[in-house]
Amino acid sequence: CAPPYDPSGPSGPLGARAAAVLDANWTGTSTVPSRGLYPHQWSWDSAFIAIGLRRLSPLRAQTELETLLAAQWGDGRIPHIVFNPSVPLDAYFPSPDFWRSSAAGRTAGAPRTVQTSGIVQPPVHALAAWLVHRADPGLSRARGFLPRVYPRLAAWHRYLLHRRDLGGGGLASVVHPWEQGMDNSPCWDAPLSRVVPAPARSFRRADLAHGAPEDRPTDLDYGRYVRLAADYRERGYSDRPGARPVGFAVEDPAFNALLIASEHALARIAKELGATGTARHARAERLTTALVDRLWDPAEGMFLCRDVYGAAPGARPSGALVPERSVSGLIPLLLPTLPRTVARALVRTACGPHFGLGGAARLVPSYDLTGEAFDRHRYWRGPAWFNTAWLLERGLRLHGERARADALREDFLRTAGASGFAEYVDPYTGAACGTTGFGWTAALTLDLLH
Ligand code: 9WN
30 CAPPYDPSGP
40 SGPLGARAAA
50 VLDANWTGTS
60 TVPSRGLYPH
70 QWSWDSAFIA
80 IGLRRLSPLR
90 AQTELETLLA
100 AQWGDGRIPH
110 IVFNPSVPLD
120 AYFPSPDFWR
130 SSAAGRTAGA
140 PRTVQTSGIV
150 QPPVHALAAW
160 LVHRADPGLS
170 RARGFLPRVY
180 PRLAAWHRYL
190 LHRRDLGGGG
200 LASVVHPWEQ
210 GMDNSPCWDA
220 PLSRVVPAPA
230 RSFRRADLAH
240 GAPEDRPTDL
250 DYGRYVRLAA
260 DYRERGYSDR
270 PGARPVGFAV
280 EDPAFNALLI
290 ASEHALARIA
300 KELGATGTAR
310 HARAERLTTA
320 LVDRLWDPAE
330 GMFLCRDVYG
340 AAPGARPSGA
350 LVPERSVSGL
360 IPLLLPTLPR
370 TVARALVRTA
380 CGPHFGLGGA
390 ARLVPSYDLT
400 GEAFDRHRYW
410 RGPAWFNTAW
420 LLERGLRLHG
430 ERARADALRE
440 DFLRTAGASG
450 FAEYVDPYTG
460 AACGTTGFGW
470 TAALTLDLLH
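So the sequence shown is numbered by full-length UniProt numbering: it starts at 30 and just counts up by one.
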């Protein structure tokens with residue numbers, strides 16, 4: 030990670046600097062997370078970026094989401110990467126020739142003309158679409174934005190709730206750590222230990238050309254990521270129970286909380302389009318109940334991940350909770366109908382020794398400050414990220430924790446500006462880690478400035 034903030038560094042109003050990052054990362058139809066490390070369109074990045082872009086240009090924000098949705102598969106999945114054909118193949122690994130989406134994903138309805146990955150990322154999109162609409166309802170109506178995106182978002186949620194309920198308890202499972210978005214979280218260590226890594230010589234990482242190796246996942250992690258993705262590709266990206274079972278299935282609190290928040294947003298969109306939205310709100314409430322039933326740990330005062338294949342076959346409920354504290358387990362604070370006792374406990378846990386919110390830590394660390402696997406610089410094993418801080422700020426505000434939300438907002442804006450809109454930061458010093466000029470950091474800065 031870079032040394033702590035140098036006050037003689039970049040100057041100018043924060044909003045203008047954030048807008049300049051988004052302009053530099055804009056390709057004409059979407060925004061890259063970073064020109065060097067991530068030169069394509071990423072799914073949940075685009076949703077967060079659209080949320081910020083709506084403050085700058087509602088038209089660009091709508092276009093960002095429309096470009097992503099144009100790459101949706103026939104089965105409803107929104108791919109985690111949409112590849113830019115003008116970027117050289119060796120600029121990012123795994124590249125389109127690894128995923129081979131249009132050939133390997135034919136049965137699942139992969140698009141023919143655009144190349145994508147075959148896995149997904151957290152469903153922030155309906156929430157983003159609703160917020161983008163609200164930023165300029167006149168423009169949105171004139172362009173028919175919601176009528177065009179609604180069927181696609183509905184199909185996306187249907188895919189997750191039907192094809193991805195691998196645990197049988199009503200929640201969606203991720204089948205790859207990249208799907209959850211927190212690639213090397215210690216929560217994956219146990220489920221991933223059952224995956225035989227692909228040999229290191231069988232692939233070439235491109236990320237190490239841009240990031241310090243000690244800030245990134247290890248080669249062993251990558252061997253397992255490659256094995257899981259290649260196995261999924263070999264079964265045609267099918268989610269039906271088949272001859273070759275997927276080797277990894279986890280119910281994650283943040284992924285499911287974002288699905289629920291998006292289902293509430295979809296209800297509002299349905300209402301705007303003339304329906305009642307009642308059925309969708311009711312489904313979101315049922316999902317909230319399932320989330321609490323399956324993932325809430327009252328002794329820890331937070332949500333945990335469920336390793337769906339982590340117990341004897343036939344065990345009820347399926348799988349086992351993973352005893353690791355990740356920021357993912359705090360994100361359900363975002364949900365409006367969370368039981369009061371659960372919301373209170375989440376705030377206590379966030380502010381306690383494990384996450385140090387408003388105390389020892391900057392923003393909110395990605396992993397337990399006291400955990401054995403804690404590493405203040407290695408990606409999702411400790412560093413603080415801006416998208417999770419934004420989600421938590423929203424959750425605190427929603428549950429009446431105004432002073433704590435204000436303090437987190439202040440810290441966010443200060444740290445984002447001082448770090449050059451870093452990808453993530455050291456959770457004790459706020460020093461920039463990973464790349465700078467990172468898309469969602471700049472976008473969510475703009476959002477919080479309003
Ligand atoms: C793999 C783009 C993405 C984020 C993820 C983050 C990282 C990719 C990588 O970058 O993942 O998808 O190459 O490490 O973990 O959350 O969406 O910013």
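From the three backbone atoms N, C-alpha and C, an ideal C-beta is built for every residue, glycine too.
Only a predicted model underlies this, so the values are computations on that prediction, with no experimental measurement involved.
- The Cβ atoms of I107 and H69 do not sit closer than 8 Å to each other.
- Take the alpha-carbon of L85 and the one of N113: they are about 24 Å apart.
- Spanning the alpha carbons of H428 and A219 requires a straight line of approximately 33 Å.
- With a threshold of 7 Å, the Cβ atom of W128 does not count as near the ligand 9WN, since no heavy atom of the ligand is closer than that.
- Excluding the 5 residues flanking it on each side, R233 has same chain C-beta neighbours closer than 7 Å at F122, in chain order.
- For the pair A79 and R253, the Cα-to-Cα distance works out to about 32 Å.
- In the assembly as shown, H205 is a buried residue. Its beta-carbon has 16 or more other beta-carbons within 10 Å.
- In the structure shown, I298 falls within a helical segment according to DSSP collapsed to helix, strand and coil.
- In this structure G446 does not touch R135 by the C-beta definition: roughly 47 Å separates them, more than the 8 Å allowed.
- In this structure, the alpha-carbon of T417 lies about 7 Å from that of I360.
- Taking 7 Å as the cut-off, the C-beta of H109 counts as close to a heavy atom of the ligand 9WN.
- The beta carbon of W159 lies closer than 6 Å to those of A294, R297, I298 in the same chain, with the five residues before and after it left out.
- At least one heavy atom of the ligand 9WN lies less than 7 Å from the C-beta of P62.
- By a beta-carbon distance limit of 8 Å, S130 contacts S146. Their separation comes to about 7 Å.
- With a cut-off of 7 Å, the C-beta of G411 is classified as distant from the ligand 9WN, since no heavy atom of the ligand falls inside that distance.
- Pairwise C-beta distances place the region 350-367 in contact with the region 314-326, as three or more of them are shorter than 8 Å.
- If you draw a straight line from the Cα of V356 to the Cα of G167, it is about 37 Å long.
- Residue pairing from DSSP places F332 in a beta bridge opposite W325.
- With 16 or more other Cβ atoms from the protein chains shown falling within 10 Å of its own Cβ, P394 counts as buried.
- Put simply, the backbone Cα of H406 is about 31 Å away from that of E93.
- Remark: the C-beta of W71 is in contact range of the ligand 9WN, defined as less than 7 Å to any heavy atom.
- Here L43 is near T474, since their CB atoms are less than 8 Å apart.
- Nearest neighbour of L437 by Cα position, chosen from S115, C380, R264, turns out to be C380.
- Beta bridge pairing from DSSP links S355 with Y396.
- Listed as beta-bridge partners of W55 by DSSP are T60.
- The three-state reading of DSSP puts Q70 in strand, counting E and B together.
- Distances taken from the Cβ of G147 to the heavy atoms of the ligand 9WN include none shorter than 7 Å.
- Rounded to the nearest angstrom, the gap between the Cα atoms of A183 and L288 is 11 Å.
- As computed with DSSP, W414 is found in a beta bridge with Y453.
- P215 is classed as buried because its beta carbon has at least 16 other beta carbons within 10 Å across all chains shown.
- Each residue's CA atom was taken as its position, placing Y457 and L375 some 21 Å apart.
- Look at Q150: its beta carbon is less than 7 Å from one of the heavy atoms in the ligand 9WN.
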